[in-house]
Amino acid sequence: MRHSKRMRSPGVWLDEYSWEERMECRKRKKRDSHSSERENKSRRTHRHHKIHDGHYLETRSLNQRLDSREGYTRNHSFDMACEEDSREATCKDRDLDWHHYSKSSGRSGRSGRSRRSSHRHKDRRRRRSHSRHRSSSRRSHHRRSRKRSRSVEDDDEGHLIYHSGDMLRARYEIVCTLGEGAFGKVVECIDHSNDGARVALKIIKNIDRYREAAMSEVEVLEQLKSLDSERRYACVHMLDWFDYHGHICIAFELLGLSTYDFLKENNFQPFPIEHIRHMAYQIIRAVRFLHKNKLTHTDLKPENILFIDSDYDMEYNPEKKRDERTLKNPDVKIVDFGNATYEHEHHTSVVSTRHYRAPEVILDLGWDHSCDVWSVGCILIEYYLGSTLFQTHDSKEHLAMMERVLGPIPTDLLQKTKKRRYVHRCKLDWDVHSSSGRYVRKHFKPLKHYMMSKGEDHQKLFDLIEKMMEYDPAKRLSLEQALRHPFFSCYYSSSSKSSRRSSKSSSRRSSSSSSGGSSNKD
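Quick note: the sequence shown, position 402, residue 402 per our numbering, numbers continuous.
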């Protein structure tokens, strides 16, 4: 049970004293409370990087999705690590924060208690004439106050109140806050049971709906861990989980920046096409692994795809007159399985973050694994352009953008939709002469017009994206088919060559053994 922070009623113990003593106690209590408020306020506002909507950050209710991003100024996933050049400075800042917290917050509870104790000792010296009963009452209240200061406390929003240097379960030592979202906070910890390894600990709010979503995520992560014990697929691995006084805590491997955060810190410069190929292949393999195990992620987006290591090389671009970053290692992992849904589970009508939401979800036609395929297509075009393709908050406008980029929505899909207000005479009910209509017509163009080069790799990538963003889910490319697309020919050709080499070597071994056997017979 988490300890309550409720104060004992003043009427229970202050009645024992005279009116002057009660007034003195009230003054002292006010002074103490003001000082503690100032201390708590300074701690809460100290270098906490507020991040929203992302890995390790988004265990929201299964029936809700955030559509809160305006353009590309979205609140982003927490910073799981920093780049090579800035990492040293950031780590120094974190170390300073850590030491500062360990000195101020680690000792502030004790120093606060010592101040209150000194007040009480002075009062005792002034009131030595009081009876032994009153002195024992004050000592017992002092013990209760000391115990209460050591208890686990939550803030008004349900977040666990913690400080750098605090220990959870006598194992995880909190270093600093990595991110904060609606679900809770993510902190960097030292795992003292694992040779001091650094981990990311996701601390969920002590609120029922967030606890339920977190437990759903834990179940999915445990299943994935058992299915992929060799870590062949790019899904984040849960290291540990526990319930800490009502807060579900999930420990993950510490990763780098999210792909969105890297884009943002690189002035939204697109990724090189070779990096897009590498990331796309890992993402598609990982999501195909989920689909094979009857699981749909439902919330794929750049914020939920993290680099294993986001170190980079910096190079000056004379044409754009600015520094640009190039990743050293584009390996990624998919995170945030709080909204993952099994085939047999109830499918909520709305899934995915707005910008990556498939048309069948908007039209309320039901959804399956193919909604993940659409999301991956949106992610790949975002990596290529450096910005979100469909930037909107309105469902009808979203569909109009799709039509401008991908062509008209098939009539049979519009006829089956439950959202009749979107349809007029078997077409999308959209006024092209409205201000929104003029905006869509001006700023959006057919998909192939976004190509920056006519090179073969660019054409193959756009062919893949076009097939992944097919309106009809039944005709949409499966991820199994996507892995065999010519855009990934370098991967499956090399694997087929290696398999052919291994088969040839095995055939040679078998032929030599058979010839050896015949010579023995002779």
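Glycine included, each C-beta is placed from N, C-alpha and C at the ideal position. These figures come from a predicted structure and were not determined experimentally.
Under the three-state DSSP convention, the category residue i falls into
{"i": "His-192", "result": "coil"}
{"i": "Asn-206", "result": "coil"}
{"i": "Glu-360", "result": "helix"}
{"i": "Glu-230", "result": "coil"}
{"i": "Glu-153", "result": "coil"}
{"i": "Val-187", "result": "strand"}
{"i": "Tyr-384", "result": "helix"}
{"i": "Leu-327", "result": "strand"}
{"i": "Trp-241", "result": "strand"}
{"i": "Arg-484", "result": "coil"}
{"i": "Val-287", "result": "helix"}
{"i": "Met-451", "result": "coil"}
{"i": "Ser-258", "result": "strand"}
{"i": "Lys-30", "result": "Confidence is the limiting factor: at Lys-30 the pLDDT is only 47, short of 50, which leaves the residue's position unreliable, though a coordinate-based value still follows. The answer is helix: DSSP assigns Lys-30 an H, G or I state."}
{"i": "Met-167", "result": "strand"}
{"i": "Thr-417", "result": "coil"}
{"i": "Lys-427", "result": "strand"}
{"i": "Arg-211", "result": "helix"}
{"i": "Phe-307", "result": "strand"}
{"i": "Val-332", "result": "strand"}
{"i": "Tyr-471", "result": "coil"}
{"i": "Glu-265", "result": "helix"}
{"i": "Leu-477", "result": "coil"}
{"i": "Ile-273", "result": "helix"}
{"i": "Glu-253", "result": "strand"}
{"i": "Ala-280", "result": "helix"}
{"i": "Gly-377", "result": "helix"}
{"i": "Ile-174", "result": "strand"}
{"i": "His-398", "result": "helix"}
{"i": "Gly-179", "result": "strand"}
Buried/exposed call for residue i, threshold 16 Cβ in 10 Å
{"i": "Glu-456", "result": "exposed"}
{"i": "Ala-213", "result": "buried"}
{"i": "Gln-391", "result": "buried"}
{"i": "Arg-144", "result": "Reliability of the predicted coordinates at Arg-144 is poor, the pLDDT of 40 falling under 50, and the value obtained from them is presented with this limitation in mind. With fewer than 16 Cβ atoms within 10 Å of its Cβ, Arg-144 is classed as exposed."}
{"i": "Arg-371", "result": "This sequence places Cys at residue 371; Arg is not what is there. Answer is buried; the Cβ neighbour count reaches 16."}
{"i": "Glu-480", "result": "exposed"}
{"i": "Glu-219", "result": "exposed"}
{"i": "Glu-222", "result": "exposed"}
{"i": "Val-432", "result": "exposed"}
{"i": "Asp-299", "result": "buried"}
{"i": "Ala-170", "result": "exposed"}
{"i": "Asp-156", "result": "exposed"}
{"i": "Thr-411", "result": "exposed"}
{"i": "Arg-357", "result": "buried"}
{"i": "His-355", "result": "buried"}
{"i": "Glu-217", "result": "buried"}
{"i": "Glu-345", "result": "exposed"}
{"i": "Lys-41", "result": "Its pLDDT being 45, under 50, Lys-41 is placed unreliably by the model, and the measurement read from it follows with that caveat. Exposed, because fewer than 16 other Cβ atoms sit within 10 Å of the Cβ of Lys-41."}
Among the options, the one whose alpha carbon lies nearest that of residue i
{"i": "Ile-190", "options": "Cys-176, Gly-181, Ile-203", "result": "Cys-176"}
{"i": "Tyr-281", "options": "Lys-475, Leu-461, Tyr-471", "result": "Leu-461"}
{"i": "Cys-249", "options": "Glu-222, Tyr-384, Arg-211, Arg-231", "result": "Arg-211"}
{"i": "Arg-198", "options": "Ile-161, Phe-183, Lys-205, Leu-239", "result": "Leu-239"}
{"i": "Asp-309", "options": "His-297, Glu-253, His-347, Glu-343", "result": "Glu-253"}
{"i": "Lys-475", "options": "Tyr-383, Lys-419, Ser-387, Glu-360", "result": "Glu-360"}
{"i": "Val-405", "options": "Ser-478, Glu-345, Met-451, Lys-185", "result": "Met-451"}
{"i": "Tyr-342", "options": "Leu-290, Glu-403, Leu-255, Ser-352", "result": "Leu-290"}
{"i": "Leu-224", "options": "Thr-353, Phe-242, Lys-185, Thr-296", "result": "Thr-296"}
{"i": "Lys-445", "options": "His-424, Lys-416, Met-402, Arg-484", "result": "Met-402"}
{"i": "Lys-416", "options": "Gly-165, Leu-255, Ile-362, Ala-482", "result": "Ile-362"}
{"i": "Gly-158", "options": "Ser-164, Cys-490, Ala-182, Glu-173", "result": "Ala-182"}
{"i": "Gly-184", "options": "Asp-429, Arg-357, Ile-161", "result": "Ile-161"}
{"i": "Asp-394", "options": "His-237, Tyr-422, Arg-232, Pro-408", "result": "Tyr-422"}
{"i": "Asp-463", "options": "Pro-486, Ser-453, Asp-472", "result": "Pro-486"}
{"i": "Ile-305", "options": "Ile-284, Lys-202, Glu-345, Arg-325", "result": "Ile-284"}
{"i": "Val-187", "options": "Leu-255, Ser-229, Asp-323, Arg-232", "result": "Leu-255"}
{"i": "Ser-434", "options": "Ala-400, Val-373, Tyr-260, Lys-321", "result": "Ala-400"}
{"i": "Arg-232", "options": "Gly-407, His-192, Lys-333, His-163", "result": "Lys-333"}
For residue j and residue i, believed in contact at Cβ under 8 angstroms, the rounded distance
{"i": "Met-468", "j": "Val-376", "result": "6 angstroms"}
{"i": "Tyr-244", "j": "Leu-168", "result": "6 angstroms"}
{"i": "Pro-330", "j": "His-398", "result": "That belief does not hold up - the Cβ atoms of Pro-330 and His-398 are roughly 30 angstroms apart, past 8 angstroms."}
{"i": "Thr-353", "j": "Lys-427", "result": "Wrong, their Cβ atoms sit about 27 angstroms apart, outside the cutoff."}
{"i": "Ala-200", "j": "Cys-235", "result": "About 15 angstroms separates the two Cβ atoms, so there is no contact after all."}
{"i": "Leu-263", "j": "Gly-386", "result": "6 angstroms"}
{"i": "Asn-206", "j": "Gly-246", "result": "4 angstroms"}
{"i": "Val-350", "j": "Asn-339", "result": "That belief does not hold up - the Cβ atoms of Val-350 and Asn-339 are roughly 11 angstroms apart, past 8 angstroms."}
{"i": "Arg-325", "j": "Tyr-312", "result": "4 angstroms"}
Inset, instruction - Please confirm if the region 266-273 is in contact with the region 314-334, defined as three or more CB-CB distances below 8 angstroms between the two stretches. - result: yes
Inset, instruction - Taking 8 angstroms as the threshold, find out whether the region 364-379 comes into contact with the region 436-447 through three or more Cβ pairs. - result: no
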